[in-house]
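Okay, so here's the structure we're looking at.
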Amino acid sequence: MSSFGEKVHGYDVLVLNEREARAAAGLLFLFGMLSFMNSFMLGHFVFTQYFVTFFMLDFFVRILNPRYSPSLLAGRFFIQHQKPEYVGAAQKRFAWSIGLLLSVIMFYFVVIEPQMTPLKIVICVVCLTLLISESAFSICLGCKMYNMIYKEAAKHCPGGICEIEEKEPTVKFNTLQKTLLVSVSLLVIYGLYIFSVSVPNYSSAMQMMPMMLGYE
């Protein structure tokens with residue numbers, strides 16, 4: 012079949028299994044974080060070069076035919092006994108195209124012309140953010156962008172985020188919950204800041220941190 016996605020009874024568009032995509036995103040986030048920390052903290056780039064190359068090729072296969080994506084097949088292995096959660100294939104392909112674009116840029120900076128630049132770090136963080144958003148929170152940021160660009164709205168988005176709905180009472184925050192969440196978030200940010208200024212600068216990226224954060 013040359014069509015992108017699967018035809019499933021009860022759905023008016025071609026779909027993909029979101030559980031499979033989330034599992035794959037989680038696996039990529041795990042190895043992506045390991046490679047990022049190796050490069051950023053220790054200055055070791057070999058693992059990152061292999062990972063970025065795999066990431067780029069995997070996403071290239073995804074937008075051609077997701078049935079043969081290695082990461083999606085690995086995700087399927089772990090969730091094969093779970094009931095599928097189907098989402099529209101069109102917006103997923105669009106989101107994966109964004110991932111492919113970012114991976115090509117990273118491939119240039121990491122493999123072809125290895126160099127430590129703020130842009131490279133930002134792209135790494137963006138990729139990891141997209142992966143953790145999908146794997147942990149089932150948030151498809153690419154699906155939202157798809158709706159903004161194309162006139163025909165995306166259908167069957169993960170978690171129903173493409174449909175405008177009133178929030179259920181169980182997912183709303185009261186004042187105490189908001190205060191607790193903000194307080195913990197500020198403590199985490201402060202802890203990361205203290206960590207960045209106290210860790211020895213073993214790599215060129217760590218040596219750039221004082222300048223990037225404005226305390227040197």
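When you line the sequence shown up against my numbering, it's residues 12 to 227, in that order.
For glycine and all other residues, C-beta sits at the position ideal for the given N, C-alpha and C.
Look at Tyr-161 here: in three-state DSSP terms it is coil, with no helix or strand label. The criterion of a C-beta distance shorter than 8 Å is not satisfied by Phe-40 and Leu-113. With a 10 Å radius around the Cβ and a threshold of 16 neighbouring Cβ atoms, His-20 comes out exposed. Shown here, Asn-28 sits in a strand according to DSSP, grouped into three states. Put simply, of Ser-50, Phe-15, Gly-202, Asn-28 the residue whose alpha carbon is nearest the alpha carbon of Val-122 is Ser-50. Membership of Val-115 in the alpha helix (DSSP H) is indicated by the continuous run 100-118. Within 10 angstroms of the beta-carbon of Gly-153 lie 16 or more other beta-carbons, which makes it buried.
Per DSSP, the continuous alpha helix (DSSP H) segment holding Ile-143 begins and ends at 129-148.
Of all alpha-carbon atoms in Tyr-61, Ala-36, Pro-81, Ala-100, the one lying nearest the alpha-carbon of Asp-23 is that of Ala-100.
If you ignore the 5 residues before and after Ser-108, its C-beta comes within less than 7 Å of the C-beta of Ile-74, all in its own chain and listed in chain order. Taken through DSSP and simplified to helix, strand or coil, Tyr-97 comes out as strand. Taking C-beta separations shorter than 8 Å and ignoring five residues to either side along the sequence, the partners of Met-117 in its chain run Val-63, Phe-66, Met-67, Lys-131, Ile-134, Cys-135, Cys-138, following chain order.
The C-alpha of Phe-56 is placed about 32 Å away from the C-alpha of Ile-90. Per DSSP, the continuous alpha helix (DSSP H) segment holding Ile-74 begins and ends at 57-75. Of Ser-209, Lys-166, Arg-87, Arg-33, the smallest CA-CA separation from Gln-102 is found for Lys-166. If you draw a straight line from the Cα of Thr-140 to the Cα of Leu-191, it comes to about 23 Å. Membership of Pro-169 in any alpha helix (DSSP H) is not indicated, and neither H nor E is assigned to it by DSSP. Around the beta carbon of Asn-28, a 10 Å sphere encloses 16 or more other beta carbons of the protein chains shown; the residue is thus reported as buried.
Around Phe-42, the same chain offers Phe-62 as residues with beta carbons nearer than 7 Å, after the five sequence neighbours per side are excluded. The Cβ-Cβ distance between Gly-110 and Phe-70 falls below 8 Å.
By the Cβ neighbour-count rule, Pro-169 is buried, with 16 or more other Cβ atoms within 10 Å of its own.
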